[in-house]
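Residues 2 to 99 in my numbering are what the sequence shown spells out, letter by letter. Quick notes on the structure that follows.
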Amino acid sequence: METRRQYKVYQYLRQLERKIDGMGEIAKKKKTCVRCKTVYEYESEKELSKYFYKMKDWYKNTCSSCEKKEHSEKYASGDYNYRKKDKKKYDKDVTFGF
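Take a look at the structure:
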């Protein structure tokens with residue numbers, strides 16, 4: 002019985018948290034991308050994960066489209082050094098664990 006009560010209390014708190022607006026629809030939460038300033042509305046964590054990459058228990062501040070653009074710009078030329086995080090190319094004698 003105690004778990005059922007806890008669940009009902011949980012549901013009630015969730016309902017208060019969502020703040021039902023005058024039309025009877027659930028008000029959506031908003032998160033803004035830091036780079037492109039686009040505002041994304043979401044109701045659940047699943048919806049939010051469509052727009053932002055999840056890191057352990059938090060979401061990045063940049064949307065996935067901005068992350069993809071940055072990645073393609075950074076790695077397009079092929080001279081980005083993954084290990085040193087700079088534009089210097091690898092030496093010819095560098096091996097990657099082989």
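Yeah, the Cβ is synthetic: ideal placement off N, Cα and C, and Gly gets one too.
Contact set for residue i: own chain, Cβ-Cβ below 7 Å, skip 5 residues either direction
i: Tyr52; result: Tyr41, Cys64, Ser65
i: Cys67; result: Cys34, Arg36, Cys37
Residue from the options with nearest C-alpha to residue i
i: Lys29; options: Cys37, Leu14, Glu46; result: Glu46
i: Asn62; options: Ala77, Tyr76, Leu49; result: Leu49
Identity of the residues DSSP links to residue i by a beta bridge
i: Val40; result: Thr33
i: Lys55; result: Tyr60
Span of the beta strand (DSSP E) around residue i
i: Lys70; result: It is not in any beta strand (DSSP E) - Lys70 instead sits in the alpha helix (DSSP H) that spans 65-76.
Reduced DSSP category for residue i - H, G, I as helix; E, B as strand; rest coil
i: Lys61; result: strand
i: Asp22; result: Residue placement at Asp22 cannot be trusted, given a pLDDT of 49 that sits under 50; the coordinates are not used to answer.
Enclosing alpha helix (DSSP H) for residue i [first to last residue]
i: Ser50; result: 46-52
Own chain partners of residue i with C-beta closer than 6 Å, once the 5 adjacent residues on each side are dropped
i: Lys31; result: Val40, Glu42
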